[in-house]
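Inspection log for the structure reproduced underneath, given as structure tokens.
Number of protein chains: 2
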Amino acid sequence: MKISVPTHSLIESLRKVLNIVNPRSTLPVLSNVLITATKNELSLFTTDLEICITTKISADVESDGQATIPAKKFGQIVSTLSGENVTIETDSELITSISSGKALFKIMGLNPSEFPKETEFQENQTLSFNKIDFLKILKKICYSSSTDQSRIILNGILLSIREGNLTAVATDGRRLALVEKILDNQDSLIDCDVILPTKVVNELQKLLDGDGDVNIKLSDSNATFIIDNTVLTTKLIEGSYPNYRQVIPASFTNSIQLPRENFSEVLNRVSIVVNESGSSVKFSLDQDEAILEANSTEIGEANESMQVAYQGDPLSISFNPNYLKDPLKALDCDELTLRFNDEYKPVVMLGDEGFLYVIMPMRS
Amino acid sequence: MKISVPTHSLIESLRKVLNIVNPRSTLPVLSNVLITATKNELSLFTTDLEICITTKISADVESDGQATIPAKKFGQIVSTLSGENVTIETDSELITSISSGKALFKIMGLNPSEFPKETEFQENQTLSFNKIDFLKILKKICYSSSTDQSRIILNGILLSIREGNLTAVATDGRRLALVEKILDNQDSLIDCDVILPTKVVNELQKLLDGDGDVNIKLSDSNATFIIDNTVLTTKLIEGSYPNYRQVIPASFTNSIQLPRENFSEVLNRVSIVVNESGSSVKFSLDQDEAILEANSTEIGEANESMQVAYQGDPLSISFNPNYLKDPLKALDCDELTLRFNDEYKPVVMLGDEGFLYVIMPMRS
Chain E
348 MKISVPTHSL
358 IESLRKVLNI
368 VNPRSTLPVL
378 SNVLITATKN
388 ELSLFTTDLE
398 ICITTKISAD
408 VESDGQATIP
418 AKKFGQIVST
428 LSGENVTIET
438 DSELITSISS
448 GKALFKIMGL
458 NPSEFPKETE
468 FQENQTLSFN
478 KIDFLKILKK
488 ICYSSSTDQS
498 RIILNGILLS
508 IREGNLTAVA
518 TDGRRLALVE
528 KILDNQDSLI
538 DCDVILPTKV
548 VNELQKLLDG
558 DGDVNIKLSD
568 SNATFIIDNT
578 VLTTKLIEGS
588 YPNYRQVIPA
598 SFTNSIQLPR
608 ENFSEVLNRV
618 SIVVNESGSS
628 VKFSLDQDEA
638 ILEANSTEIG
648 EANESMQVAY
658 QGDPLSISFN
668 PNYLKDPLKA
678 LDCDELTLRF
688 NDEYKPVVML
698 GDEGFLYVIM
708 PMRS
Chain A
348 MKISVPTHSL
358 IESLRKVLNI
368 VNPRSTLPVL
378 SNVLITATKN
388 ELSLFTTDLE
398 ICITTKISAD
408 VESDGQATIP
418 AKKFGQIVST
428 LSGENVTIET
438 DSELITSISS
448 GKALFKIMGL
458 NPSEFPKETE
468 FQENQTLSFN
478 KIDFLKILKK
488 ICYSSSTDQS
498 RIILNGILLS
508 IREGNLTAVA
518 TDGRRLALVE
528 KILDNQDSLI
538 DCDVILPTKV
548 VNELQKLLDG
558 DGDVNIKLSD
568 SNATFIIDNT
578 VLTTKLIEGS
588 YPNYRQVIPA
598 SFTNSIQLPR
608 ENFSEVLNRV
618 SIVVNESGSS
628 VKFSLDQDEA
638 ILEANSTEIG
648 EANESMQVAY
658 QGDPLSISFN
668 PNYLKDPLKA
678 LDCDELTLRF
688 NDEYKPVVML
698 GDEGFLYVIM
708 PMRS
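Protein chains in written order, with the working numbering: chain E, 348 to 711; chain A, 348 to 711.
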């Protein structure tokens, strides 16, 4: 194999495939990138056996072939090259020469035949989203997924299609975020539930930029995301997602509106005194006033009031401050709405169109 | 005590005193800031028992007094305040109220009387430097000091005054950096050697910005640095610094000039293959050519050549790449000079005026 590619294209393409590589994989070849030269194209392929990512760039191919190169070193080398183009050539000893300007690297690889094959599957259906729209859906819910390894089913996000509508959901059992969106081509869509692992959700957020669409192919056990020249295929988390609808209260006795940014600032300030203690912040409502309070036996206390339109009975609800902060950072709206019944029942936050967040109060 | 200060001044002043605070000090009061209000001034004081820092800001003082406030929390609180001014008021229970806009914090402190006193000493002499000049001296040598706790004397930098000249030196036994500078008021200066702890050198680099001078007071066991409204006092490292002059070769058989930035780039690229192995890079000279080479049994090899004016015999010298990189980052000069004898004897790097760096070759 011998090829030449523009340095900046190779840097950009490597950036897309390197994140999922586990440098301490028990299968040594998995810490490498598989590069394949065919016709006028170079493809870069990495996998952790759960997720595969392939990306393609135009290349000047002198001779076809394959090679594997240690992923982290390949990234480091290419990012420091100063020449406009990089020439990559692999010999029969599995040694790959990488040259640009006067710099020459000879890097030892492993046999490309050891590399796992790309996952292939027959999709049940195909969806398409504007990249930015899909990115926003992920950002608005992903912080709510669980990292508790004993509840694998919650270590990801649910994409649920029902009658042509998408509901994206994440929950860790103490709070839940969802976004609902009406899809195009409703008639052609089949009802289905897929659970994407958190690692995929994180990768997708890095890949989804610029104009254009992401195309998604779904089967019962796999999903593929096609973003420009990059294809990410993943295994889905198996099992049934909990019935998330049942945690959303059917009715509320009261609601208030709050300016999102100001509420976020006040919350960040007041919660400083409990940041390390894991204590709650108390959100109290009285005539046209909301007060956030926090106190810890070690540090002291803090409070700050905000003007709100509220005419109901005085009420105090205690929250984990981080559970309140997360959606405030992810939303774009100027105003958000809190709906509630009393200090024990779940509270709902609404903001951007289609967004709903449920948070359980803490017993104070 | 009750005072009011502009929020931005308090943020800026806290930034200067917070770094040296050890949050896990065995003496609890040391994780606090001592604040003292007198006349129209608020002073902030912190210490780790080796170093003391005091800084002063203009304040609207309603009543005098002192208080201690947990340093880290104080910094976090003040940095999130949105009001233009902060009001600080301490009650008889050692609780300090910090308020700005609608935000109110009540933070528990410790008794100001528990706070150690500021170190006082009688100076032998006083020096003065332009702040930026002194900052550059520190930057050009500090990376060479040792972190080996068994050689405390090398865990700092030497400031040596002889006949009106300053030599600033740092070494870890394998490389040595020094800067020589002719001082003003030569006649009034007494010969002396002081060793500043690395922590002080790091702090000074954060404090030395903007126009103006730093005034330095020295005794046998202490030093004080006066930078605008901030005063840093430190204990000196006790003992005799090694005779560093004896490691600088008296003569050289050869020398070459290299463009600093280009040499730095080439070195960064080539050394990627040995970054984790701790191996050397080989610097070879032949007719008008310098070649940097590196190889590791795990990764592979790299080489890159540079044009240089060299007419001597072919020669190869091996270096620890990090020891070569450090001064290249700290210098400002376009061209640097390497002086050498053979592959075993110390090599000297010259660049900015007054700068000299000695590096021991590695046995390859």
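Note that CB positions come from ideal geometry on N, CA and C, so glycine has one too.
- With a 10 Å radius around the Cβ and a threshold of 16 neighbouring Cβ atoms, Gly503 (chain A) comes out buried.
- Under the rule that a run must span 3 or more residues, the beta strand (DSSP E) segments found entirely inside the segment 665–704 of chain A read 682–687 and 694–697.
- In the three-state reduction of the DSSP assignment, Arg498 (chain E) falls in the coil class.
- For Ser446 (chain A), the uninterrupted beta strand (DSSP E) segment begins and ends at Ile442 to Ser447.
- Per DSSP, Ser360 (chain A) is one residue of the alpha helix (DSSP H) stretching across Thr354 to Leu365.
- Against Phe610 (chain A), chain E offers no close residue; the least beta-carbon distance is about 13 Å (beta-carbon pairs closer than 7 Å).
- Under the three-state reduction of DSSP, Arg607 (chain A) is assigned to helix.
- Cβ proximity to chain A below 8 Å picks out Leu451, Phe452, Lys453, Ile454 and Met455 from the segment 451–470 of chain E.
- Against chain E, a Cβ distance below 7 Å from Pro417 (chain A) picks out Ile646.
- The beta carbon of Val621 (chain A) lies closer than 6 Å to those of Ala641 and Ser643 in the same chain, with the five residues before and after it left out.
- For Val628 (chain E), there is no enclosing alpha helix (DSSP H); the enclosing beta strand (DSSP E) has its first and last residue at Val628 to Asp633.
- The secondary-structure analysis by DSSP pairs Val561 (chain E) across a beta bridge with E:Phe476 and E:Ile574.
- In the three-state DSSP reduction, Pro375 (chain A) falls in the helix class (H, G or I).
- When C-beta distances to chain E are compared with 8 Å, the residues of the segment 604–634 of chain A below that value are Glu612, Val613, Asn615, Arg616, Val617, Ile619, Val620 and Asn622, in chain order.
- C-alpha of Gln472 (chain E) to C-alpha of Gln593 (chain E): approximately 28 Å in a straight line.
- Under the DSSP definition of a beta bridge, Cys539 (chain A) partners with A:Ile508.
- Per the DSSP secondary-structure output, Gly412 (chain A) pairs in a beta bridge with A:Ala384.
- Rounded to the nearest whole angstrom, the CA to CA distance from Ile404 (chain A) to Val547 (chain A) is 22 Å.
- A straight-line Cα-Cα distance of about 56 Å links Lys564 (chain E) and Ser360 (chain A).
- For Thr383 (chain A), the closest of A:Lys419, A:Val408, A:Leu451 and A:Pro375 by C-alpha to C-alpha distance is A:Val408.
- Leu671 (chain A) places its beta carbon 7 Å or farther from that of Leu583 (chain A).
- For a Cβ distance threshold of 9 Å, residue set Arg616, Ile619, Val620 and Ala649 of chain E lies close to Ile424 (chain A), ordered along the chain.
- The beta carbons of Lys478 (chain E) and Gly559 (chain E) sit closer together than 7 Å.
- Residue pairing of Gly503 (chain E) in beta bridges, as defined by DSSP: E:Pro544.
- A straight-line Cα-Cα distance of about 25 Å links Phe481 (chain E) and Ser611 (chain E).
- A check of alpha carbon separations from Leu632 (chain A) across A:Met653, A:Leu703, A:Gln469 and A:Ser624 identifies A:Met653 as the nearest.
- No Cβ of chain E is located within less than 7 Å of the beta carbon of Thr571 (chain A).
- Close to chain E, meaning a Cβ-Cβ distance shorter than 9 Å, are the following residues of the segment 427–438 of chain A: Thr427, Leu428 and Ser429.
- Taking a Cβ-Cβ threshold of 8 Å, none of the residues of chain E is close to Ser568 (chain A); the smallest such distance is about 37 Å.
- The beta-carbon of Ser652 (chain E) is placed less than 7 Å from the nearest beta-carbon of chain A.
- Lys420 (chain A) sits in a helix when the DSSP states are folded into three classes.
- Not a single CB atom of chain A sits nearer than 7 Å to the CB of Lys692 (chain E).
- Counted as a single uninterrupted DSSP element, the beta strand (DSSP E) harbouring Asn642 (chain A) occupies residues Glu636 to Ser643.
- The three-state reading of DSSP puts Val368 (chain E) in coil, since its state is none of H, G, I, E or B.
- By the criterion of a C-beta distance shorter than 6 Å, Ser568 (chain E) is surrounded in its chain by Leu583, once the five residues flanking it on both sides are discounted.
- The beta-carbon separation of Leu530 (chain A) and Leu536 (chain A), rounded to 6 Å, stays under the 8 Å limit for a contact.
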